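Residue numbers (the numbering used here): 16 to 176. Built from N, CA and C at the ideal position, the CB exists for glycine as well. In this text the structure is predicted, and so the values were computed from the model without any measurement.
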């Protein structure tokens, strides 16, 4: 990856940090107790409780590793310093979907703040990547898993993130 930094607002960073602290603290302690209790149940080779607890522990550790990695690459962005006439992280963008003739609004956010149901998409998503750097009035074609979508940029403003 050419640029492995991850833009985030202070709030997004704090949300991920709180989740990481919870996973490392109470969740991991609880799971470790579950493994110990299952281990006491006897023969480990036929102990389904033990194997399930160990699998859950592996999944939890993978999530902890992922969050730690994201936080270590995080760059806190002050959205008030970003350009107002170009789409960037922290922009709220109104576009016209030229294929279905409908308006859509997106807010380009960092990890921990995404919510596709509310139009909050990651800057690293295909749509986010296709919109970054565009200006009002431009038409853009974006490759997405389901094909190509065409947008015309109608408005750019600051997102409320």
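Delimiting residues of the alpha helix (DSSP H) encompassing residue i
i	result
residue 95	No alpha helix (DSSP H) holds residue 95; DSSP gives it neither H nor E.
residue 141	141-146
Limits of the beta strand (DSSP E) - the one that residue i falls within
i	result
residue 135	135-137
residue 74	Residue 74 -> not in any beta strand (DSSP E); alpha helix (DSSP H) instead, spanning 63-87.
residue 122	117-124
residue 171	162-173
residue 207	No information on residue 207 is available, as it lies outside the stretch 16 to 176 that the chain covers here.
residue 107	106-112
Secondary structure of residue i, DSSP reduced to three states
i	result
residue 50	helix
residue 22	strand
residue 56	coil
residue 132	helix
residue 149	coil
residue 32	helix
residue 44	helix
Which listed residue (the options) has its alpha carbon closest to that of residue i
i	options	result
residue 43	76, 148 and 136	76
residue 35	60, 78 and 72	78
residue 89	168, 116, 169 and 19	19
residue 218	112, 117 and 107	Since the first residue of the chain shown is 16 and the last is 176, residue 218 is not available in this structure.
Residue i Cβ short of 8 Å to the ligand HEM heavy atom set
i	result
residue 148	In terms of ligand content, the structure shown is empty, and the ligand HEM therefore cannot be addressed.
Meets three-Cβ-pair contact criterion under 8 Å: the region 114-131 and the region 59-75: Counting Cβ pairs under 8 Å, fewer than three are found: no touch.
Validate contact between the region 166-174 and the region 89-100 using beta carbons, cut 8 Å, 3 pairs: Yes: the two stretches touch, three or more of their Cβ pairs being nearer than 8 Å.
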